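Line order of the protein sequences matches chains A, B, C, D, E and F. Going by numbering that gives the first Met the number 0, the final residue of the first sequence carries number 255, and the count climbs one at a time with no gaps. Going by numbering that gives the first Met the number 0, the final residue of the second sequence carries number 255, and the count climbs one at a time with no gaps. Going by numbering that gives the first Met the number 0, the final residue of the third sequence carries number 255, and the count climbs one at a time with no gaps. Going by numbering that gives the first Met the number 0, the final residue of the fourth sequence carries number 255, and the count climbs one at a time with no gaps. Going by numbering that gives the first Met the number 0, the final residue of the fifth sequence carries number 255, and the count climbs one at a time with no gaps. Going by numbering that gives the first Met the number 0, the final residue of the sixth sequence carries number 255, and the count climbs one at a time with no gaps.
There are 6 protein chains.
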Amino acid sequence: MYLAEHAWPDLASYFESKSLAIVPLGSTEQHGPHLPEGTDHLIAEGFAREAAARTGYLCTPTINVGVSAHHRQFPGTMWVDPPAFRDYVESFSRNLAYHGIDRIVYVNAHGGNVEHLREVGRRLHEDGVAFAVEWMWNESIPELVDEVFEQNGPHGGPKETALIQHLAGDLVHDERLEDARDGGLRDIETAETTKFGSRTFYDAIDNSDNGVFGDQTDATPQKGERLFEAASDQLVELCSWLAGQDIDDLLPASHV
Amino acid sequence: MYLAEHAWPDLASYFESKSLAIVPLGSTEQHGPHLPEGTDHLIAEGFAREAAARTGYLCTPTINVGVSAHHRQFPGTMWVDPPAFRDYVESFSRNLAYHGIDRIVYVNAHGGNVEHLREVGRRLHEDGVAFAVEWMWNESIPELVDEVFEQNGPHGGPKETALIQHLAGDLVHDERLEDARDGGLRDIETAETTKFGSRTFYDAIDNSDNGVFGDQTDATPQKGERLFEAASDQLVELCSWLAGQDIDDLLPASHV
Amino acid sequence: MYLAEHAWPDLASYFESKSLAIVPLGSTEQHGPHLPEGTDHLIAEGFAREAAARTGYLCTPTINVGVSAHHRQFPGTMWVDPPAFRDYVESFSRNLAYHGIDRIVYVNAHGGNVEHLREVGRRLHEDGVAFAVEWMWNESIPELVDEVFEQNGPHGGPKETALIQHLAGDLVHDERLEDARDGGLRDIETAETTKFGSRTFYDAIDNSDNGVFGDQTDATPQKGERLFEAASDQLVELCSWLAGQDIDDLLPASHV
Amino acid sequence: MYLAEHAWPDLASYFESKSLAIVPLGSTEQHGPHLPEGTDHLIAEGFAREAAARTGYLCTPTINVGVSAHHRQFPGTMWVDPPAFRDYVESFSRNLAYHGIDRIVYVNAHGGNVEHLREVGRRLHEDGVAFAVEWMWNESIPELVDEVFEQNGPHGGPKETALIQHLAGDLVHDERLEDARDGGLRDIETAETTKFGSRTFYDAIDNSDNGVFGDQTDATPQKGERLFEAASDQLVELCSWLAGQDIDDLLPASHV
Amino acid sequence: MYLAEHAWPDLASYFESKSLAIVPLGSTEQHGPHLPEGTDHLIAEGFAREAAARTGYLCTPTINVGVSAHHRQFPGTMWVDPPAFRDYVESFSRNLAYHGIDRIVYVNAHGGNVEHLREVGRRLHEDGVAFAVEWMWNESIPELVDEVFEQNGPHGGPKETALIQHLAGDLVHDERLEDARDGGLRDIETAETTKFGSRTFYDAIDNSDNGVFGDQTDATPQKGERLFEAASDQLVELCSWLAGQDIDDLLPASHV
Amino acid sequence: MYLAEHAWPDLASYFESKSLAIVPLGSTEQHGPHLPEGTDHLIAEGFAREAAARTGYLCTPTINVGVSAHHRQFPGTMWVDPPAFRDYVESFSRNLAYHGIDRIVYVNAHGGNVEHLREVGRRLHEDGVAFAVEWMWNESIPELVDEVFEQNGPHGGPKETALIQHLAGDLVHDERLEDARDGGLRDIETAETTKFGSRTFYDAIDNSDNGVFGDQTDATPQKGERLFEAASDQLVELCSWLAGQDIDDLLPASHV
C-alpha cells in the first residue's frame with residue numbers, strides 16, 4: 000500500500016490494524032558513465048514498493064537525496080550534510096509514530112546512509128518511539144551476489160547495473176559498460192583503500208577515475224531480475240518477522 | 000532534463016552552459032476523502048518536469064515530505080519539523096551551487112512550505128551562494144483560478160482536485176466529491192479563521208471536519224488541464240526570465 | 000498592568016486569577032527619511048500598553064529588535080537572524096507558562112516577524128504549553144485603513160506615519176514627507192515585486208530607493224489617533240475573547 | 000544619540016565618523032517586595048542613555064529580558080535560556096558590524112548576564128568582528144559603593160534601591176523597605192552560599208525568602224544620584240578610552 | 000574507587016548503595032616555560048583520585064581538554080569551544096544519572112571551565128536529573144593560599160607550581176622558575192586588566208608575555224603538599240556533606 | 000612526545016618542524032566481568048603513547064569517554080551522545096590546526112567511535128583544515144588476530160583481554176575468564192545479530208548476557224604483547240606514511 004496514492008479515510012483502517020511502515024531511501028549521485036544518478040533511489044523505491052505490494056504493508060514516499068558528499072566531484076551528485084539528513088529522517092519517522100507506527104523498515108540502497116539511519120534508529124529506540132531497522136538488498140543475499148558476479152564493485156558495479164537494467168532498463172547506457180569498467184576500478188582489492196589498518200581516502204574519486212568499481216559488463220537484466228526477486232523475498236520476510244515481534248521485545252532492555 | 004535519469008558525463012555539459020536548476024517540493028498529507036495524500040508533491044513534480052521538458056533546464060528529484068504538522072490529525076499525514084525541513088533544503092541547495100548552479104526555482108505546491116523556502120532562499124542570497132525563488136502554480140494565474148471556480152478552497156479544493164484529475168486521474172475518488180464538499184468547509188469566507196485581526200487557529204481540523212475546503216464538485220480534468228497549461232507557461236517564463244538576469248543583479252544590493 | 004513596573008508580591012495575585020499575557024514585539028529598522036527606526040516597536044508597545052491599561056491584562060517588556068535583514072542596506076537597521084529570534088521568543092514565552100500563563104497575545108508591528116511568531120506559537124501549541132496568537136494592528140482594521148489612505152504602503156507609508164504622529168509626534172520629520180514619497184515607491188502596485196507568480200526580491204531596497212512605500216503626505220495625527228483607537232478596540236476584544244475560551248478548546252485537537 | 004529615535008539619513012553620518020555603539024541589557028525579574036521587576040533593565044537603560052547623551056555615541060534599544068532562571072520561583076520573573084540569550088545578543092551585535100561598528104559597550108545591569116556577554120564578546124573577538132566589553136556600573140565604583148552602604152546586598156539591596164529611587168522613584172515601594180530587609184537576607188556573609196569552596200546553591204530563593212539581600216532601608220534617592228553620576232563618569236571614560244584605541248590593538252594577538 | 004579500573008559486576012554494588020560521583024576536569028594549555036601543559040588536568044585528577052581513595056566514592060575518568068581559547072597564542076594549548084564543552088559534559092553527566100547517580104562533584108582545576116560547569120549543573124538541576132557542584136581546590140583554602148605565597152598569580156603561578164612539584168615533580172622545570180617570573184607578570188594587581196569597571200582583555204597574552212602570573216620562585220614541593228592535603232580535606236568534607244543531603248533539599252525549590 | 004608533559008617553549012619547536020598529531024580515543028564502558036571499564040581508552044592510550052615514543056610525533060591527552068550507549072544497561076558504562084561527541088572531537092581537532100597541525104591520526108580503540116570519527120574527519124577534510132584518519136589496532140593486523148585466537152569476539156573478547164593483560168595486568172580478573180566466556184556469547188556467528196540482511200539489535204545486552212563475546216580463556220599476556228608489538232609497528236608505519244604525503248595530495252580532489 001503506497002501511502003501517497005491513498006486518501007486519508009482509506010489509510011485510517013491501516014493504522015487501526017497495522018503498525019509497520021516501509022520507508023525507501025536512496026541517493027542521487029554519480030554512478031559512472033553508464034548508470035543514471037538516481038540509481039540508488041530507484042533501487043530503494045523498487046524494493047520498497049514491491050514488498051509493500053506483496054505484503055500489504057504501508058510504503059511511504061522516497062527520500063531521494065542522501066549523504067553523498069564523497070561523490071561530489073562528479074557533475075550532478077547531490078547531497079545533504081549528515082546532521083541535516085539525520086534530523087530530516089528523524090522528524091519524518093517520528094510523525095509516523097504519531098499515527099501509531101512503532102516499527103519501521105528503512106529500505107536503503109546507498110551505503111553512505113547506513114550509519115546515519117542506524118543513528119536515527121537508535122534515537123527512536125532509546126526514546127521508545129519506534130523500532131527502526133536499516134535494510135540494504137545486497138546485505139540480504141551476499142552469497143547470491145558473490146555467485147552471480149566475479150567483481151561486484153561496491154558502487155556502480157555490475158550488481159547495481161543489473162538491477163537498473165531490470166527495473167529501468169531505458170536508463171542504462173549499455174554501450175558504455177566497457178568504458179565504465181575500463182575507466183574505473185575493476186578490482187577494489189587492488190586499490191590501496193586502507194593503509195596499515197586505516198581507511199585513508201575520503202572520496203570515490205580517490206580510488207576511481209570515473210567513480211565506479213567492478214566489472215559492469217558482467218551485468219544482465221536477467222541477473223538483475225534474479226537478484227531483485229531473491230532480495231525481495233528477504234525483505235518480505237523481514238517485514239513479517241518484525242511485524243510479528245512483541246513490542247516489549249523491541250524496546251530497550253532494562254538496566255541489569 | 001531530469002537529473003536522476005542521466006549519467007554524470009551527460010550532466011557535465013549542462014553545468015558548463017547553464018546555471019539554473021528546478022527543484023520540486025511538495026508534501027504528503029491529507030487532502031480530504033477524495034484526493035491522494037501525495038497531491039502536493041505530484042503537482043509540484045508535474046509542473047517541474049513539464050517546465051524542464053519544455054525548456055531544457057535541469058530538474059532535480061522531488062522532496063516529497065514538507066511542513067505539514069497542521070494536518071496531522073488526519074491519518075497518514077507526514078511532516079518534518081520546520082528547522083529540519085529548512086536545513087535539509089538548504090544543504091540540498093548548496094550542493095547544487097558546488098556544481099555551478101547560481102539560480103534555483105523551487106516549484107512548490109504546498110502552502111506550508113512557502114515561508115520556509117523563502118527563509119532558505121534568503122540564507123543563500125545573503126551568503127551570495129545562489130538566487131532561489133519560490134513559485135506556486137496558483138499564485139501565477141490567480142485570475143484564471145478565480146474565473147474557473149466559484150469556491151477555490153485553499154486546500155483540497157476544486158483547483159487541486161482538477162489538477163490531479165488531469166495529472167493522475169486514477170488517484171481521484173470522483174464518487175466522493177460531494178462528500179468532500181459536504182463534509183468539509185465549502186466557503187472559507189464563512190469560517191472565522193481570524194478574530195479581530197488575528198489568526199486564531201493552528202490546524203486544518205479546526206476549520207474543516209474532513210480537512211478540505213471549497214466545492215470539489217466543480218472540478219473537471221479539462222479545467223485541470225487548462226490550469227496546468229496556463230501555469231506551466233508562467234513557470235517557463237519565470238525560468239527564462241531568471242536565466243536571463245545578470246548574476247550581479249541577483250546578488251544582494253550593497254549598503255547605501 | 001505593566002509587568003516591569005511591579006514588584007513580585009503585587010504580580011502574584013495576577014497569576015492567581017488570570018492566565019493571559021500581552022507581549023509587544025517590533026523591530027528597529029529604517030523607516031524612510033521621515034520616521035524613526037524604532038517605529039515598529041513604538042507602535043507595538045503603544046498598542047500593548049493601551050490594551051493592558053484598558054483591560055488589566057499583564058503586558059511584558061517589549062522585544063525591540065526583530066527579523067529585519069531585508070532592510071539592512073539602510074544605516075542603523077538592526078536585526079537578529081530568524082533562528083535566534085524564534086528561540087529567544089520561545090524561551091521568553093515558556094517562562095511565562097511557568098507562572099501559569101497559558102494564552103499569549105503577541106502584539107506585533109513588524110511584518111517580518113509574523114511567520115516566525117506563528118512558528119513559535121505552533122511549537123508552544125503542539126507542546127501544550129500555551130496558546131499564542133500573533134496580532135498586527137492593521138490586519139484588525141483593514142477596511143478603515145483602506146478608507147483613510149489612498150496609498151497605504153506596506154512599510155513606512157502613511158499608516159505608520161500617522162500612528163507615530165499620534166504616538167510620538169516629536170520623532171516624525173514632517174518636513175520630509177514629500178521627500179519620503181518622492182524618493183520611495185508611491186504605489187506598490189506599480190512595482191514588479193512578483194514575476195510570473197514568484198516573489199523575486201529579497202530586500203526592501205530592491206523596490207524602493209529610500210526604503211519606504213506609499214504616499215506619506217496623506218498622514219495626519221488625527222488619522223493616527225483614529226486608527227489607534229479603532230485597532231485598540233479590536234485588540235481589547237481579542238484579549239477578552241481569548242481569555243474567555245476554555246483551555247481545552249485551545250489545545251490541539253485529538254487525532255481523528 | 001538614541002538609534003531608535005532617528006531616521007536612517009540622520010544615522011548615516013554617525014556610521015561614517017564613529018564606530019562605537021552602546022548596548023543596554025538588563026533583566027526582568029523579581030527584585031523583592033519593594034522594587035519593580037524591571038529594575039535591572041531600567042538601570043542599564045538609564046546609564047546607557049546618559050552616556051550616549053553626554054558623549055554623542057550611539058545607543059541601541061534595550062534588551063529587557065536576560066538570563067534570570069535563578070529567580071524563577073518568584074512571580075513575574077522572566078528569562079531566556081543561556082544559549083538563546085547568547086545567540087540573540089550575538090546576532091544583534093553582528094548586525095551592528097555590518098554598518099561599520101567595530102567596538103561595543105554592553106551596559107549590563109544584571110549579574111546573571113555577565114558570563115554570557117563575555118562569551119559572546121569572545122566569539123566576536125575571535126572572529127575579528129568587533130571588540131565588545133561588558134560593563135556593570137557597580138564594578139566601576141566599588142569603593143564608593145562600599146562607602147555609601149553598610150550592607151550592599153548583591154541583588155535588590157540598597158544600591159539598586161537607591162538607583163531606582165533616583166531614576167524612577169515612583170516605582171519604589173518605600174513603605175516596604177523594612178519588610179524587604181527583614182524578609183530577606185540582610186548580610187550575605189552570614190549565608191552559607193559556599194561549602195568547602197564550592198557554590199552549593201542554584202536559586203536566589205535558596206538564600207533569601209523574599210529574593211533580596213542587604214539593608215534596603217539604607218537607600219535614599221540622594222545616594223542613588225551620587226552613584227549614578229559617579230558611575231556615569233566611569234562609563235563615559237570607558238567609551239572614550241575604547242573609541243581611542245587602535246583597532247589593531249583590539250583584535251586578537253597573533254600566535255607566539 | 001576509580002571507575003575505569005573496575006569491571007561492571009564490581010561497580011554494580013556501588014550504585015546500589017551510593018549515588019555520588021566525582022568527575023575530574025581540567026585543561027591542556029600553556030602554563031608558562033616551567034610547567035607542563037597538562038598542569039590543570041593533573042591537578043584535577045590528583046585531587047579527585049585522592050578524595051575517592053579516602054572516601055570510597057566513585058571517581059570517573061578525567062576530561063583533559065576544556066575551555067582554553069584564551070591561551071591559544073602559546074604553542075600546544077588545546078581547547079574546545081564552550082558549546083561543545085558544555086554539551087559533552089552534560090551528556091557525560093546525564094549518563095551517570097542513568098545508573099542512579101543524583102549528585103556530582105566536578106573537581107575542576109581550570110578557571111576557564113567554571114561558568115560552563117555551572118551552566119551544565121543548572122541544566123541538570125532544573126531538569127531534576129542531578130545536583131552537580133563545581134569545586135576548585137584554591138577556592139576551598141583561600142586563606143592558606145594567601146598565607147603561603149606573596150604573589151599567587153591566577154595562572155601558572157607559585158600555587159600551581161607547588162602543586163605540580165608535589166604531584167609530578169619530574170614535569171617541572173625548576174631551573175626556569177626565575178625566567179617564568181621575570182618573563183611574565185609578577186603582580187597581577189599592576190596590570191590594568193580592567194578599565195573603568197570593565198574587563199578589557201580576552202587573552203592571557205594581553206597581560207603576560209610568557210603566559211603566567213605571580214612569583215614562581217616562591218614554590219616548593221613542601222608547600223605543594225601542604226596545600227594538597229588541606230584542600231583534599233575540604234573536598235572530602237564536601238563529598239560527605241553532599242552525600243548526606245536529602246535529595247528533596249537538592250532539587251529546585253517550588254514556586255512561591 | 001606527550002603534549003601534556005611539556006611546557007610551551009619546548010612544544011614550539013615541534014610545531015615548527017612537524018605537522019602531525021596522534022590523538023588517542025577510547026571509551027569507558029562495561030567489558031564483561033573480567034576486564035576494567037577503561038579497557039578501550041587504556042588500549043588507545045597504550046598504542047598512541049608507544050607510537051609517539053618510537054617516532055617522536057606528538058601525542059595529545061586521551062578522550063576517555065566515547066559513544067557507548069549500546070552498553071548502558073551494564074553498571075558504570077559511560078557515554079556521550081553522538082552529536083556531542085562529534086562536536087567535542089571536531090573542536091578539539093580544529094585547535095590543533097591553529098598550531099599548524101594538518102594531519103591527525105585518531106588512535107581509536109572503540110568500535111562505536113569509528114563512524115563518528117570518520118564524520119569529523121570528513122568535516123575537517125572538506126574544509127581543508129586537516130587530513131585526519133581513524134585507526135584501530137585490530138584492523139591493522141587482522142590475519143594475526145585470526146591466527147592467535149579461535150574466537151576473537153568483537154567486544155571484551157580474548158584479543159582485548161590479552162592486550163590489557165599485557166598493558167595493565169593488575170586490572171584483569173584472570174579468575175573470571177571462564178565466567179566471562181560462559182556467561183557471555185562465545186561464538187558471535189551463532190547469534191542472530193542480523194535477520195534477512197538487517198541488523199536487528201541495538202544494544203550489546205541483546206546478544207550477550209554479561210556483555211562480552213568470544214573465548215576469553217584463550218588470552219595470555221604473551222599473546223597481548225605480540226599483538227601490541229605488531230600493531231604498534233603498523234601504527235608507526237601509518238604515521239610515517241601520512242607525514243610523508245604532500246599536503247596537496249591529502250586535500251580534496253577538485254571537481255571533474
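We put the CB at the ideal spot given by N, CA and C, even for glycine. Nothing here was measured: the structure is a model prediction, and the numbers come from that model.
Using a cut-off of 7 Å between C-beta atoms, extract the partners of H98 (chain F) located in chain E. Near H98 (chain F) (Cβ distances below 7 Å), the residues of chain E are P74, G75.
Report the rounded CA-to-CA distance for I42 (chain B) versus H33 (chain B), giving the unit in angstroms. For the pair I42 (chain B) and H33 (chain B), the Cα-to-Cα distance works out to about 16 Å.
At the 8 Å Cβ level, is T27 (chain F) part of the contact set with chain E, yes or no? Taking Cβ atoms only, chain E reaches closer than 8 Å to T27 (chain F), which makes this a yes.
Around the C-beta of P141 (chain A), are 16 or more other C-beta atoms found within 10 angstroms, so that it is buried, or is it exposed? Burial call: exposed.
Please confirm whether K158 (chain F) and V144 (chain F) have their CB atoms less than 8 Å apart. Cβ distance < 8 Å, so K158 (chain F) and V144 (chain F) count as in contact.
Exposure of R71 (chain B), with buried meaning 16 or more beta-carbon neighbours within 10 Å: So R71 (chain B) ends up on the buried side.
Which ranges does the beta strand (DSSP E) cover as unbroken runs of at least 3 residues, wholly within the stretch 69-118 of chain F, from first to last along the chain? Here the runs fully enclosed are 102-107.
For G31 (chain A), which residues in chain B fall below 8 Å Cβ to Cβ? Here the neighbours are A6, W7.
Could you pull the start and end residues of the alpha helix (DSSP H) that V235 (chain A) belongs to? Per DSSP, V235 (chain A) belongs to the alpha helix (DSSP H) from 220-243.
I need the straight-line Cα distance from G55 (chain B) to H165 (chain B), nearest angstrom please. Distance between the alpha carbons of G55 (chain B) and H165 (chain B): 23 Å.
Cβ-based contacts, 9 Å cut-off: residues of the stretch 212-236 of chain E near chain F: Considering only beta carbons, no part of the stretch 212-236 of chain E lies closer than 9 Å to chain F.
Residues in the same chain with beta-carbon distance under 7 Å from F212 (chain D), minus the five sequence neighbours each way, listed in chain order, please. Cβ neighbours of F212 (chain D) beyond the five flanking positions: G152, P153, H154, G155, G156, G183, L184, I187.
Would you report the Cα separation of Y13 (chain F) and L57 (chain F), rounded to the nearest angstrom? Annotation: Y13 (chain F) to L57 (chain F) spans about 8 Å, alpha carbon to alpha carbon.
Flag T54 (chain E) as yes if its beta-carbon sits less than 8 Å from any beta-carbon of chain F, otherwise no. With 8 Å as the cut-off, T54 (chain E) does not count as an interface residue toward chain F.
Local conformation of L24 (chain B) per DSSP, three classes: Three-state DSSP puts L24 (chain B) in a strand.
Straight-line CA distance for I62 (chain F) to T219 (chain F)? Straight through space, the alpha carbons of T219 (chain F) and I62 (chain F) are spaced by roughly 27 Å.
If G99 (chain F) sits next to E36 (chain F), beta carbons under 8 Å apart, how far is it from one beta carbon to the other, in whole angstroms? 36 Å between Cβ atoms; not a contact.
Neighbouring residues, chain F, relative to V64 (chain E) (Cβ below 7 Å): Correct list: P60, F91.
Since L166 (chain E) meets chain F, which of its residues come closer than 9 Å, beta carbon to beta carbon? By Cβ distance, chain F contributes nothing, its closest Cβ being about 13 Å from L166 (chain E), past 9 Å.
Please classify R53 (chain A) as buried or exposed, where buried requires at least 16 other C-beta atoms within 10 Å of its C-beta. Exposed is the call here.
Enumerate in chain order the residues of its own chain whose CB-to-CB distance from V88 (chain A) is below 6 Å, with the five nearest sequence positions on each side excluded. Setting aside the 5 residues that flank it on each side, V88 (chain A) is surrounded in the same chain by V119, each with a C-beta closer than 6 Å to its C-beta; the list follows chain order.
Between Y1 (chain F) and the rest of its own chain, which residues show a CB-CB distance below 7 Å, the 5 nearest in sequence each way excluded? Spatial neighbours of Y1 (chain F) in its own chain (CB-CB distance under 7 Å, excluding positions within 5 residues in sequence) are listed in chain order as R48, A51, C58.
Is it the case that the Cβ atoms of R85 (chain A) and F130 (chain A) are separated by a distance below 8 Å? Contact: no.
Under a CB-based cut-off of 8 Å, is V106 (chain C) close to chain D? With a threshold of 8 Å between beta carbons, V106 (chain C) makes no contact with chain D.
For A129 (chain C), which residues does DSSP report across the bridge? Bridge pairing for A129 (chain C): absent [DSSP].
Using 8 Å as the threshold, is the C-beta distance between W134 (chain A) and Y105 (chain A) below it? Yes, Cβ-Cβ distance for W134 (chain A) and Y105 (chain A) is below 8 Å.
Which of helix, strand or coil DSSP assigns to R121 (chain E): Judged by DSSP in its simplified three-state form, R121 (chain E) adopts helix.
With DSSP as the reference, please indicate the residues paired to H30 (chain D) in a beta bridge. Looking at the DSSP output, H30 (chain D) shares a beta bridge with D:L34.
Going by Cα to Cα distance, which pick from B:A229, B:A68, B:D205 is closest to F91 (chain A)? Closest option to F91 (chain A), Cα to Cα, is B:A68.
Run through the DSSP bridge pairs and tell me what Y1 (chain C) is partnered with. Per DSSP, C:C58.
Under 8 Å (Cβ pairs) to chain F, residues found in the stretch 107-129 of chain A: Per Cβ criterion, the list reads E114, R117, E118, G120, R121, H124, E125.
Are the Cβ atoms of A190 (chain F) and N206 (chain F) separated by less than 8 Å? If you check the CB distance, A190 (chain F) and N206 (chain F) come in under 8 Å.
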